[in-house]
Amino acid sequence: MNVIEGELTPAAHAYALIGNGRRDIRILKAIAEKYDHSKTLRAPQPPISPGTGLTIVARSLAKLMDQVAVSRYLIIIDREHAKSLQEAEEKLREHGVNITSAEKLTEGSWLLKAKRDSRKAEVILL
Amino acid sequence: MGGSCFHGDRILGSAVVRELDITEFRGIRRLAKPLELSSFNVLIGRNNVGKTAVLEALYMLTMPLPHTIPPPYGRGVVDFIAEKHGGSAAREQGRKWSLLVYGYAGTAVLKYRLGVKAKTSIPTKIGSCAEAALGFKEVSIESIQVEISSERDLLRVLADGVELESSSYESFLASMGADLKRSPIALYVPNDSSAYAQISSYVMRDDVFSWIEKEGAHRRAVQDIIAPAVYDKFTEVTIRRNELCVRKEVSEEIGPLYIGVGSLGEGVKRVLLIYMLVEYLKPKLLLWDDLEVAAHPSLLESVLRWLASSRRQVVVSTHSIDVLHTITVVRPRDCRVLVLRKSPQDVMEYKALTLDDIEDILESGVDPRKIIEELEL
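So the protein sequences, as listed, match chains A and B. First residue of the first sequence? That's 1 in this note's numbering, and the numbers climb one at a time after it. First residue of the second sequence? That's 1001 in this note's numbering, and the numbers climb one at a time after it.
1) Taking all protein chains shown into account, decide if Ala1108 (chain B) is buried (16 or more other Cβ within 10 angstroms of its Cβ) or exposed.
2) Would Gly1255 (chain B) be called buried (16 or more neighbouring beta carbons within 10 Å of its own) or exposed?
3) Per DSSP, Pro1381 (chain B) is paired with what?
4) Mapping the DSSP letters down to three states, classify Glu1249 (chain B) as helix, strand or coil.
5) Tell me where the beta strand (DSSP E) around Gln45 (chain A) begins and ends.
6) Taking Cβ to Cβ, would you say Gly1115 (chain B) is nearer than 7 Å to Val1016 (chain B)?
7) Would you kindly report the start and end of the unbroken beta strand (DSSP E) that includes Asp1021 (chain B)?
8) Would the beta-carbon of Ile1358 (chain B) fall within 7 Å of that of Lys63 (chain A)?
9) Does the beta-carbon of Lys63 (chain A), which I'm using as the reference point, lie nearer than 6 Å to any heavy atom of the ligand GTP?
10) List, in chain order, every chain A residue whose beta-carbon is nearer than 8 Å to that of Asp1367 (chain B).
11) Classify Asp1367 (chain B) as buried or exposed, calling it buried when 16 or more other Cβ atoms lie within 10 Å of its own Cβ.
12) Starting from the C-beta of Ala14 (chain A), find all residues in its chain whose C-beta is less than 7 Å away, skip the five residues before and the five after it, and write them out in chain order.
13) How would you call Asp985 (chain B), buried or exposed, if buried means at least 16 neighbouring beta carbons within 10 angstroms?
14) How about Val70 (chain A): is its C-beta nearer than 7 Å to some C-beta of chain B?
15) Let me know if Asp1289 (chain B) comes out buried or exposed under the rule of 16 or more other beta-carbons within 10 Å of its beta-carbon.
16) For Leu1375 (chain B), go through chain A and note every residue whose CB falls closer than 7 Å to its CB, in chain order.
17) Compute the Euclidean distance between the alpha carbons of Gly1076 (chain B) and Val1139 (chain B), then round it to the nearest angstrom.
18) Scan the region 1289–1307 of chain B for residues whose Cβ lies nearer than 7 Å to a Cβ of chain C and list them as they occur along the chain.
19) In chain B, which residues lie less than 8 Å from Leu64 (chain A) when you measure between Cβ atoms?
20) Based on Cα-Cα distance, which residue from A:Glu107, A:Glu94, A:Asp36 lies nearest to Ser84 (chain A)?
21) Under the rule that 16 or more other beta-carbon atoms within 10 Å means buried, what is Val1261 (chain B), buried or exposed?
22) With a threshold of 7 Å on Cβ separation, who are the neighbours of Ile1141 (chain B) within its own chain once the five nearest residues in sequence on each side are excluded?
23) Whole beta strand (DSSP E) runs in the region 50–82 of chain A with 3 or more residues, listed along the chain?
24) Go ahead and pull the three-state DSSP assignment for Gln1313 (chain B).
25) Can you find a C-beta in chain A that's less than 7 Å from the C-beta of Ile1199 (chain B)?
26) Just how far apart, CA to CA, sit Asp1207 (chain B) and Val1237 (chain B)?
27) If we call anything under 7 Å between Cβ atoms a contact, is Leu1300 (chain B) one with Asp1322 (chain B)?
28) So which of B:Ser1194, B:Glu1243, B:Glu1279 has the shortest CA-CA distance to Gly1216 (chain B)?
29) How would you call Arg1311 (chain B), buried or exposed, if buried means at least 16 neighbouring beta carbons within 10 angstroms?
30) Taking Cβ positions only, does Ser118 (chain A) come closer than 7 Å to chain B?
31) Short of 6 Å in beta carbon distance, which residues of its chain neighbour Val1189 (chain B), apart from the five on each side in sequence? Order them along the chain.
32) Measuring only between beta-carbons, confirm whether Ile1141 (chain B) sits less than 7 Å from chain A.
33) Whose C-alpha, out of A:Lys34, A:Arg26, A:Gln67, is nearest the C-alpha of Glu1372 (chain B)?
34) Near Leu111 (chain A), which residues of its chain fall below 6 Å by C-beta distance, leaving aside the five closest residues on each side in sequence?
35) Rounded to a whole number of angstroms, what is the C-alpha to C-alpha distance between Lys1269 (chain B) and Gly96 (chain A)?
36) Across which residues does DSSP place Tyr1258 (chain B) in a beta bridge pair?
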């Protein structure tokens, strides 16, 4: 997997939304290095993010679901920002993203099916 | 209304070009759909996507036919664009404008749907065949088409399908309040230092600078546009010892200093020159490539406020997130960001985003430049 912050590739397969800042992107890049490079994960955040935490991530997800032809998202957020799945679901719902199903993957990570108006997305939250 | 508005112009506040279609022009084979233009347009997209080609295609409207030289670059529009892309060498090889045609062979076609009412006079025969006399018929125009043929090195201009000669084209321009010698319909500012040297020479012409001084544009350029963005206390632009200078106040002991414009920072120099040129020429359509070059965000804000305060149609290109952010602050009226994308087959497609869209995207913690590939068009 390639993690790209800019646009140096063709269309991305999934988007990574980082709620904590640059350190997590560096960790994600290092982890992605261990996998094959056939897929591209793009982090579409600006050079200076307007904020961190679940609110900004939920806002990003809602906007992106409206605008782009990407239906897979990886949300990485500190526990302090999302203490439980319910808290995350609530915040996403505030931004018009409804969770239709949630499958626990490991402790602290979930595979969510999300819907916003008629748009659907798969979201891995960890 | 500020000094930069077109007092008394017939196309006050209207977009000159509402729609542009491009076929086989420079790196663009065709557009997936014609490019709809607002009053204030910001082009974004990757390098080589065709932003400059779009600006150049719009600039052709100034006077596509040769032998007429609009200010300020001292050559015809087509020659100017061709030479920017190595056309001098092509001319020596007998391929004068082939560099403007996609793949250097065939015919480039540019179609403009006008946003304002225009008309022209076309020669026509009056009377029966035997005693026919040549007269002129006035016709209204909704669209202009320019064709550039590489093989025959030929340019053709058609208005609603009728071929126009230079005089008819000038009559069309006049109907839109443009004058090829004094006030061209469009002004193109390329990101090219040689063009800035030509602008500087043009601004320093006696007749031009006299007008600039008389109208106070030499003061407004520094006081309204530059001063808010720099530490220096500049007061005006002037000519001293045959050099364009800015007058700078330092202290009573030191007295004023006169700094050559060439000694100023690149961003300040460019903006000063463009401001005075635009105020003088009063183009109805301003085309500015890479607006952000050498400009700090404070200078960008100053420039964008000026551009937004005028009621001319503006098309700028940028790679800068500062420009995108600043337009959401300045909020020019009828403004859209045109996100350009190109297929491997060189078909350009685009999505128009409103200021609210851009603001939402930025506030959502997303960089609009980074989602271009996945944007749904």
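All residues carry an ideal CB built from backbone N, CA and C; glycine is no exception.
Checking against the coordinates, here is how it stands:
1) buried
2) exposed
3) Any answer about residue 1381 (chain B) is impossible in this case: the structure gives chain B only from 1001 up to 1377.
4) strand
5) Here Gln45 (chain A) belongs to no beta strand (DSSP E), and DSSP marks it neither H nor E.
6) yes
7) 1017–1025
8) no
9) With respect to the ligand GTP, the structure offers nothing, as it holds no ligand at all.
10) Pro44, Gln45, Pro46, Pro47
11) buried
12) Leu41, Val70, Arg72, Tyr73, Leu74
13) One cannot answer for residue 985 (chain B) here, as it falls past the ends of chain B, which runs 1001 to 1377.
14) yes
15) buried
16) Gln67, Val68
17) 26 Å
18) Chain labels in this structure do not include chain C; the protein chains are A and B.
19) Ser1364, Val1366, Ile1371
20) A:Glu107
21) buried
22) Leu1114, Ala1118, Lys1119, Thr1120, Ala1159, Asp1160, Phe1172
23) 72–76
24) strand
25) no
26) 15 Å
27) yes
28) B:Glu1279
29) buried
30) no
31) Ile1274, Trp1288
32) no
33) At residue 1372 (chain B) the sequence reads Ile, which differs from the Glu that was named. Among A:Lys34, A:Arg26, A:Gln67, the Cα nearest to that of Ile1372 (chain B) belongs to A:Gln67.
34) Glu103, Leu105, Ile124
35) 48 Å
36) B:Arg1247
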